[in-house]
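I have placed the structure first, in the form of structure tokens, so that the comments after it can refer back to it.
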Amino acid sequence: MLACAQSAIAADKPIRPDILAVRAQHPGLAAQIDSPAYREAIPNLPRRPHARWTVHDFARPQPPIVTPPAAACAEPLAAPSDAIDLLAGGLKDWTGERIADWTFAGGILQSGGKALNMIATRAAFGDIQLHIRFRTPDGPDKPYGQHRGNSGVLFMGLYELQILDSFDNPTYPDGMAAAIYGQTPPRANAARPPGQWQCYDAVFRAPRFSGGKLRSPARITVFWNGVLVQDAQPIFGPTAAAAILPYKPHAAQAPLLLQDHGDPTGRVAFSSLWVRRLKPEPK
């Protein structure tokens, strides 16, 4: 979340005219755009070379809303025979400094409600197919933006596919659900209302390095509730709030991470999470 990346707060920073126009068009964005943290960040938000939008740019178009198929993700999807079920053992297959804040009961894993509490798989992964079924909380207090069901799954602990309540909840597009956080919004907003089960089905290809240099970037394809929202999309480096980070060589396999953002709306739940290791693509 952007606010977590800011230390200096100044509410008198000017806002770009195009962002003000978006604010007028989408009143629900006003509190986020007017926040001291965002106004402080605006002059310093980075932009990739040749990119039209800065990181967390509110003027970036909101993805079109698409109603997903009613049956998609309504029930847990059984894991294929060669899959690794990361919830079969409850929390046994996970580790983390504050893992005790997370709970597992009745086949459902729940975040602990503590800000920026990560848990990691004990196993390491590279190229994978991932299925994750999640539910954002339906609490009585529903602030707009990044404080609604904020979580995420981080491939190799570095590349985040955002989890957020994005139903009637506009935010900066590269921070909404199914975004590659801080980089690429989904092609459509296929969100279901909070309290309903949703899922991502993703194919992640890890970056390749050779001689200490990047040979090919990570890529990801994502279906959100049965709707294609990322299509072999390159990932431009490790994801971060209000920053653009370069690739640095790392191991070919690393743990998956789940994020707990500690939002006031309640705890994010997961009822299905499995992966299949993928062979390298044919050359």
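Number 1381 marks the last residue of the sequence shown (the working numbering); no jumps.
All residues carry an ideal CB built from backbone N, CA and C; glycine is no exception.
This structure is a prediction, so every number in the text was calculated from the model and none was measured.
Rounded separation between residue i and residue j - CA only
i, j, result
"residue 1339", "residue 1216", "16 angstroms"
"residue 1271", "residue 1226", "26 angstroms"
"residue 1230", "residue 1136", "31 angstroms"
"residue 1142", "residue 1277", "22 angstroms"
"residue 1188", "residue 1206", "8 angstroms"
"residue 1256", "residue 1172", "29 angstroms"
"residue 1260", "residue 1148", "24 angstroms"
"residue 1146", "residue 1140", "15 angstroms"
"residue 1236", "residue 1375", "34 angstroms"
"residue 1325", "residue 1228", "15 angstroms"
"residue 1126", "residue 1319", "30 angstroms"
"residue 1275", "residue 1289", "8 angstroms"
"residue 1283", "residue 1328", "8 angstroms"
"residue 1178", "residue 1304", "22 angstroms"
"residue 1347", "residue 1122", "44 angstroms"
"residue 1155", "residue 1266", "19 angstroms"
"residue 1159", "residue 1128", "16 angstroms"
"residue 1299", "residue 1175", "10 angstroms"
Proximity of residue i and residue j at Cβ, strictly below 8 angstroms
i, j, result
"residue 1258", "residue 1242", "no"
"residue 1163", "residue 1287", "yes"
"residue 1264", "residue 1365", "no"
"residue 1196", "residue 1157", "no"
"residue 1221", "residue 1180", "no"
"residue 1312", "residue 1184", "no"
"residue 1232", "residue 1302", "no"
"residue 1315", "residue 1292", "no"
"residue 1153", "residue 1341", "yes"
"residue 1294", "residue 1269", "no"
"residue 1218", "residue 1353", "yes"
"residue 1285", "residue 1161", "yes"
"residue 1223", "residue 1351", "yes"
"residue 1373", "residue 1131", "no"
Per-residue burial, residue i [other beta carbons within 10 Å of its own, 16 or more giving buried]
i, result
"residue 1369", "buried"
"residue 1108", "Here residue 1108 scores only 45 on pLDDT, less than 50, and its place in the model should not be relied on; the value that follows carries that caveat. Classification of residue 1108: exposed, given that the 10 Å Cβ count is below 16."
"residue 1379", "exposed"
"residue 1349", "exposed"
"residue 1170", "buried"
"residue 1337", "buried"
"residue 1281", "buried"
"residue 1343", "exposed"
"residue 1249", "buried"
"residue 1116", "exposed"
"residue 1335", "buried"
"residue 1247", "buried"
"residue 1262", "buried"
"residue 1309", "exposed"
"residue 1099", "Model confidence at residue 1099 stands at a pLDDT of 46, short of 50, so the residue's coordinates are unreliable; what they give is reported in the following sentence. So residue 1099 ends up on the buried side."
"residue 1367", "buried"
Taking contact to mean at least 3 C-beta pairs separated by less than 8 angstroms, is the region 1199-1213 in contact with the region 1347-1358? Short answer: they touch.
Going residue by residue through the region 1282-1316, where are the continuous beta strand (DSSP E) segments of at least 3 residues, counting only ones entirely within it? Within the region 1282-1316, the complete beta strand (DSSP E) runs of at least 3 residues are 1296-1303, 1306-1308 and 1311-1314.
Kindly provide the ranges of any beta strand (DSSP E) runs that are 3 or more residues long and lie completely inside the region 1197-1250, ordered along the chain. Unbroken beta strand (DSSP E) runs of no fewer than 3 residues, entirely contained in the region 1197-1250, are found at 1201-1203, 1206-1208, 1215-1219 and 1226-1233, following chain order.
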